[in-house]
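This report refers to the structure that appears directly beneath it.
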Amino acid sequence: MNIVFKKQGISGELEQQNAKMVCIAKKKYESVELCVQDVSVGSMFVPFAEIKLHEGNTFSAAEGCFENASEFGDMIAKAWNEKYLKPKSS
């Protein structure tokens, strides 16, 4: 299966078996994003989801659950990579 993405400024596709998911937590902005990267070519990270465990867009609301959102993102990325990422051959 190919993952097709079309975002402002970038578009393309990558094979699911080469799509590594990473969680990018930006403490400065209290923001947690899930991104994919094509590990076969080392392409840039393409964000596709934001993890938001709070209501509103205030820094104080986000600050209270930033650590939980970051851990949740890491768990999602790890589960994806274990299930779908093709192991590197030695």
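First residue of the sequence shown: 184, per this note's numbering; consecutive thereafter. Just so it is clear, CB atoms sit at the ideal spot from N, CA and C, and this is done for glycine as well.
Does DSSP put residue 228 in a helix, a strand or coil? Three-state DSSP puts residue 228 in coil, outside helix and strand.
DSSP on residue 196, reduced to helix/strand/coil? DSSP places residue 196 in strand when its eight states are reduced to three.
Which residues does DSSP list as the beta-bridge partners of residue 259? Looking at the DSSP assignment, residue 259 forms no beta bridge with any residue, so it has no partner.
Determine which residues share a DSSP beta bridge with residue 185 and list them. Residue 185 pairs with 198.
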